[in-house]
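Before any comments, here is the structure.
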């Protein structure tokens, strides 16, 4: 009798695990669908039920890529994961699901670190604010040109990136810039350049596709011209999406 109970419990736990990952898939798909419906500012909290305790692969969680929706699964370790990120992207909009209920849907799975800025306005308007997933904060540099460097946890091939305008002073917006990659943070290779870009409103996010770029772990956004300010340059958010995902 006790053996039967143990077997039943194991079977129940396995079923719960499958259902949980099925729910993750459904929520990611629903998020991507909302993006297709142009509800790109949807802030409903979407999160997993598994808490990242199972080192699943894409096939194990039953996710199949389609022409309209792309899924990427990234645990923080391939051997003993304690957290993970599931990313669904479609129509140029990227949604993510982390194993924490406090994380918003919008954003990428790539973990950004090693942030260095040419200038900033501490304590509240530093380079860190460009990667905090909030357009309510900003990075402000008291200079007409500025650059910001960042690194990723793994080398990634950037396929797209976005820049969001800040809350005020449109003349401080980035207008022209280059995005470069580096293996050593000494030698930099340009992977994308933009000129005469204007933001139509505050907190607006503009996205840019990148094709044929090599993989790098270090990146630098160099703003070579702002929108007319003779003293300051600012933006609220930078986001990147990459093609290289762990355990894919």
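In the numbering used here, the protein residues as written are 373 to 620.
Glycine included, each C-beta is placed from N, C-alpha and C at the ideal position.
Treat the numbers as computed from the prediction; the structure is a model and nothing was measured.
What residue from the options has the CA that sits closest to residue i's CA?
i	options	result
residue 566	503, 513, 498 and 546	546
residue 497	513, 485 and 484	513
residue 588	594, 527 and 568	527
residue 535	603, 552, 593 and 584	593
residue 530	569, 518, 564 and 508	564
residue 543	484, 607, 590 and 612	607
residue 605	521, 573, 537 and 532	537
residue 518	603, 612 and 573	603
residue 573	540, 532, 533 and 524	540
residue 612	598, 552 and 508	552
residue 494	511, 582 and 485	511
residue 569	582, 598 and 581	598
residue 485	523, 507 and 506	523
residue 548	521, 508 and 516	516
residue 582	505, 550, 507 and 520	550
residue 600	520, 609, 571 and 506	571
residue 586	609, 562, 595 and 596	562
How is the beta strand (DSSP E) around residue i delimited, first residue to last?
i	result
residue 597	588-598
residue 573	Note, residue 573: premise wrong, no beta strand (DSSP E); not H, not E.
residue 550	546-554
residue 561	561-566
residue 605	605-607
Residue i bridges to which residues according to DSSP?
i	result
residue 612	533
residue 601	Paired residue(s): none; residue 601 is not in a bridge.
residue 484	524
residue 581	532
Could you tell me whether any Cβ in chain C is nearer than 8 Å to the Cβ of residue i?
i	result
residue 588	Looking for chain C here will not work: only one protein chain is present.
Okay, do the segment 551-568 and the segment 500-511 touch, 3+ Cβ pairs below 8 Å being the bar? no
Which ranges would you report for the beta strand (DSSP E) in the segment 488-536 if only whole runs of at least 3 residues count? 511-513, 518-528 and 530-536
The segment 568-583 touching the segment 485-492, judged by at least three CB pairs closer than 8 Å: no
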